[in-house]
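Protein chains in written order, with the working numbering: chain C, 119 to 257; chain X, 119 to 257; chain D, 119 to 257; chain L, 119 to 257. The beta carbon of each residue, even a glycine, is placed where N, CA and C say it ideally should be. Structure, as structure tokens:
Protein chains: 4
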Amino acid sequence: MTPFPPAGAAERTVRLRVRYDEVDGMGVVHHPNFLVYFEIGRTEYMREAGVRYADLERRGFLLVVTAASARYLANVAYDDEIVVRTALASMGRASLRFAYAIEDSKGRILCEGTTDHCCVGPDKKRPIRLPPELARLKR
Amino acid sequence: MTPFPPAGAAERTVRLRVRYDEVDGMGVVHHPNFLVYFEIGRTEYMREAGVRYADLERRGFLLVVTAASARYLANVAYDDEIVVRTALASMGRASLRFAYAIEDSKGRILCEGTTDHCCVGPDKKRPIRLPPELARLKR
Amino acid sequence: MTPFPPAGAAERTVRLRVRYDEVDGMGVVHHPNFLVYFEIGRTEYMREAGVRYADLERRGFLLVVTAASARYLANVAYDDEIVVRTALASMGRASLRFAYAIEDSKGRILCEGTTDHCCVGPDKKRPIRLPPELARLKR
Amino acid sequence: MTPFPPAGAAERTVRLRVRYDEVDGMGVVHHPNFLVYFEIGRTEYMREAGVRYADLERRGFLLVVTAASARYLANVAYDDEIVVRTALASMGRASLRFAYAIEDSKGRILCEGTTDHCCVGPDKKRPIRLPPELARLKR
Numbered sequence: 119m120t121p122f123p124p125a126g127a128a129e130r131t132v133r134l135r136v137r138y139d140e141v142d143g144m145g146v147v148h149h150p151n152f153l154v155y156f157e158i159g160r161t162e163y164m165r166e167a168g169v170r171y172a173d174l175e176r177r178g179f180l181l182v183v184t185a186a187s188a189r190y191l192a193n194v195a196y197d198d199e200i201v202v203r204t205a206l207a208s209m210g211r212a213s214l215r216f217a218y219a220i221e222d223s224k225g226r227i228l229c230e231g232t233t234d235h236c237c238v239g240p241d242k243k244r245p246i247r248l249p250p251e252l253a254r255l256k257r
Numbered sequence: 119m120t121p122f123p124p125a126g127a128a129e130r131t132v133r134l135r136v137r138y139d140e141v142d143g144m145g146v147v148h149h150p151n152f153l154v155y156f157e158i159g160r161t162e163y164m165r166e167a168g169v170r171y172a173d174l175e176r177r178g179f180l181l182v183v184t185a186a187s188a189r190y191l192a193n194v195a196y197d198d199e200i201v202v203r204t205a206l207a208s209m210g211r212a213s214l215r216f217a218y219a220i221e222d223s224k225g226r227i228l229c230e231g232t233t234d235h236c237c238v239g240p241d242k243k244r245p246i247r248l249p250p251e252l253a254r255l256k257r
Numbered sequence: 119m120t121p122f123p124p125a126g127a128a129e130r131t132v133r134l135r136v137r138y139d140e141v142d143g144m145g146v147v148h149h150p151n152f153l154v155y156f157e158i159g160r161t162e163y164m165r166e167a168g169v170r171y172a173d174l175e176r177r178g179f180l181l182v183v184t185a186a187s188a189r190y191l192a193n194v195a196y197d198d199e200i201v202v203r204t205a206l207a208s209m210g211r212a213s214l215r216f217a218y219a220i221e222d223s224k225g226r227i228l229c230e231g232t233t234d235h236c237c238v239g240p241d242k243k244r245p246i247r248l249p250p251e252l253a254r255l256k257r
Numbered sequence: 119m120t121p122f123p124p125a126g127a128a129e130r131t132v133r134l135r136v137r138y139d140e141v142d143g144m145g146v147v148h149h150p151n152f153l154v155y156f157e158i159g160r161t162e163y164m165r166e167a168g169v170r171y172a173d174l175e176r177r178g179f180l181l182v183v184t185a186a187s188a189r190y191l192a193n194v195a196y197d198d199e200i201v202v203r204t205a206l207a208s209m210g211r212a213s214l215r216f217a218y219a220i221e222d223s224k225g226r227i228l229c230e231g232t233t234d235h236c237c238v239g240p241d242k243k244r245p246i247r248l249p250p251e252l253a254r255l256k257r
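Printed below as a string of structure tokens:
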């Protein structure tokens, strides 16, 4: 896995608090929920760049997830604060990759990962060019 | 809360196994998930009566939840088997009420509850008459 | 259902944004998630009163949910902001009731409900007296 | 990603039906839920090999997830049937890797992936040797 953030990539962060429903029987965040944190991370990354993902979808541009990966390095418990750091790793004509590092409040890395996205139309299948305003995600 | 099943109501059952993601930090099913079990219960109740809810939605009949209640009587852990018993409590022109009892494999009641539904059109707001085949849910 | 907030009860609020994973195939918040919002509401209510629920659990006081009810009045979509208003409806020797009203950003009520709680020890069964600091929840 | 199943590996399958709560606003399974399906797949793989994961945890052997990856190839909707195929990809002294392929009822691959696990003790941190009965997972 490449180091975070990828070379030259800007990053944006969002702080969250672990919810009761996100924790499993071991008392720590259940691992699929980190993909949900990634999703919140990229939603806020986009918002800070002036792109509201909900509006993109309404206009018929869906950024479906084509791949996801995560490495889990440490546990985190209910009600702890976490920081989701998100960076744009790459951008193609119809595709995007985001990278993530999730830390606890002391800066210890809990989870690192990536998600790949393809832009599709309302049929949820045919790739289409990214809408031009996504260029804003690059800086 | 009325006894289960409501007088004169037929009931149908579905057996499930508690999943890892449904359990909370106390090691028992997290209470909102019982509403998910209710939902599975009524989906299977309808299917056994010859009505596939997914098809209803496709045809523009949505049975939105207008109220839900649950009483929690005992805990259940990961990988335990549960039985969801579902009955149709009442049916109006555009509305339905289901009642539920969820038991463990020894017949101990874990949770009882009800959900109220209103049939709406694709706008998700305006009540519309229940489609005629829902009469099959009654026996 | 009694009006919100119950007479004489203080209320506290928390603002949330609807997450992508909370929405169902109709494009609106899936109804069991309102119980999760209630849970976040009472966690923050308690925190503002100086009681961290995670600490209570660590000390062996569990506020298990014994009943929950919700009335659903309007839909809310992904990325919309919601306000969770929480009030303490009643408090006994070993039990509590919270009441909730969830609104969208324009003050339209989306969902109202209550949860009942019993304080139990680490066995998750035997009721025990509420710890004295919960008196702070009253004002 | 290696082809499924990995060379020489046995596979076991479990059939599931997509639940209403697993679908997102696009009307298809929300991508983090495939990690939940993987989890169900390996639980049933282990059960068929005579190992109940819930019992392992009770005895103090936790198979924490250290990495997960998924490639998403096609969408699947509410109430559709899916088949989770699970294979043991590798096993070390304290670690395991499972591989997965999830198909729809026509054999079309929806998602492929892997999860890596480390066996830890009740502290959820220190790696410990896999319990001997996990050798049964190999055939």
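- Using 10 angstroms around the beta-carbon of D:Asp173, count the other beta-carbons present and answer buried if the total reaches 16, otherwise exposed. exposed
- Task: Would you kindly check if the distance between the Cβ of X:His148 and the Cβ of C:Asp139 is under 8 Å?
- Result: yes
- Kindly list, in the order they appear in chain C, the residues whose Cβ is closer than 7 Å to that of L:Leu134. Those do not exist, as L:Leu134 stays about 15 Å from chain C at its closest Cβ, beyond 7 Å.
- Query: Skipping 5 residues on each side, what residues in its chain have a beta carbon closer than 8 Å to that of X:Val141?
  - Reply: Val147, His148, Ala195, Tyr196
- Residues, ordered as in the chain, of the segment 215-249 of chain L that lie near chain D by beta-carbon distance below 7 Å: none
- Item | Residue of X:Pro250, X:Ala219, X:Ala185 minimising C-alpha distance to X:Glu129 | X:Ala219
- For D:Arg254, I'd like the list of residues in its chain whose CB is within less than 8 Å of its CB, leaving aside the five on either flank, ordered along the chain. Ala167, Gly168, Val169
- Query: How far does the beta strand (DSSP E) with C:Val132 in it reach, from first residue to last?
  - Reply: 129-135
- Query: Hey, which unbroken runs of the beta strand (DSSP E) at 3 residues or more fall wholly within the segment 188-218 of chain L?
  - Reply: 199-209
- What do you get for L:Ser187, buried or exposed, if any count of 16 or more other CB atoms within 10 angstroms of its CB means buried? buried
- Message: With a threshold of 8 Å between beta carbons, is C:Tyr138 in contact with chain X?
- Response: yes
- Are C:Ser238 and C:Pro245 closer than 8 Å when you measure CB to CB? For the record, residue 238 of chain C in the displayed sequence is Val; it is not Ser. Yes.
- Query: What's the C-alpha gap between C:Pro123 and C:Ala217?
  - Reply: 7 Å
- Message: I'd like to know if D:Met144 contacts chain X, where contact means its C-beta is closer than 8 Å to some C-beta of that chain.
- Response: yes
- Task: Note the first and the last residue of the continuous alpha helix (DSSP H) segment covering C:Ile158.
- Result: 151-166
- Simplified DSSP state of D:Pro93, which is helix, strand or coil: There is simply no residue 93 of chain D to check, as chain D begins at 119 and stops at 257 in what is shown.
- Query: Using a Cβ cut-off of 9 Å, which residues of the segment 177-205 of chain C contact any Cβ in chain D, in chain order?
  - Reply: Ala195, Tyr196, Asp197, Asp198
- Task: Leaving out five residues on either side along the sequence, give the residues of the same chain with a beta carbon under 7 Å from the beta carbon of L:Val132.
- Result: Ile158, Gly159, Glu162, Val202
- Query: Among X:Ala125, X:Leu228, X:Gly126, X:Pro240, which residue has its Cα nearest to the Cα of X:Asp81?
  - Reply: Since the first residue of chain X shown is 119 and the last is 257, residue 81 of chain X is not available in this structure.
- What's the call for X:Ala185, buried or exposed, on a 16-neighbour Cβ count within 10 Å? buried
- Rank X:Ala207, X:Lys242, X:Ala212 by C-alpha distance to the C-alpha of X:Ala125 and give the top, closest one. X:Ala207
- Message: Please tell me whether X:Asn193 and D:Lys242 are closer than 8 Å, where the distance is taken between their beta carbons.
- Response: yes
- Can you find a CB in chain D that lies within less than 8 Å of the CB of C:Glu251? no
- Residue-level contact to chain E via CB, L:Arg170, 8 Å cutoff: Considering every chain present, this structure includes no chain E. Its protein chains are C, X, D and L.
- Message: By the three-class DSSP mapping on this structure, what secondary structure does L:Pro245 have?
- Response: strand
- Message: Does any residue of chain X have a CB that is nearer than 8 Å to the CB of L:Val147?
- Response: no
- Query: In chain X, which residues lie with their C-beta within 9 Å of the C-beta of L:Glu157?
  - Reply: Arg137, Tyr138, Asp139
- Query: At a CB-CB cut-off below 8 Å, which residues of chain L make contact with D:Pro150?
  - Reply: Asp139
- Query: Should D:Leu153 be flagged as near chain X, meaning a C-beta pair shorter than 8 Å?
  - Reply: yes
- Query: How big is the Cα-Cα spacing for L:Gly145 and C:Pro240?
  - Reply: 11 Å
- Task: Buried or exposed for L:Gly231, please, with buried defined as at least 16 other CB atoms from any protein chain shown within 10 angstroms of its CB.
- Result: buried
- Roughly how many angstroms lie between the CA atoms of L:Leu214 and L:Leu181, to the nearest whole one? 8 Å
- Message: Alpha carbons only, please: which of C:Ala205, C:Arg257, C:Leu153 is nearest the one belonging to C:Val183?
- Response: C:Leu153
- In the DSSP assignment, find the unbroken beta strand (DSSP E) run with X:Asp234 in it and report its ends. 227-238
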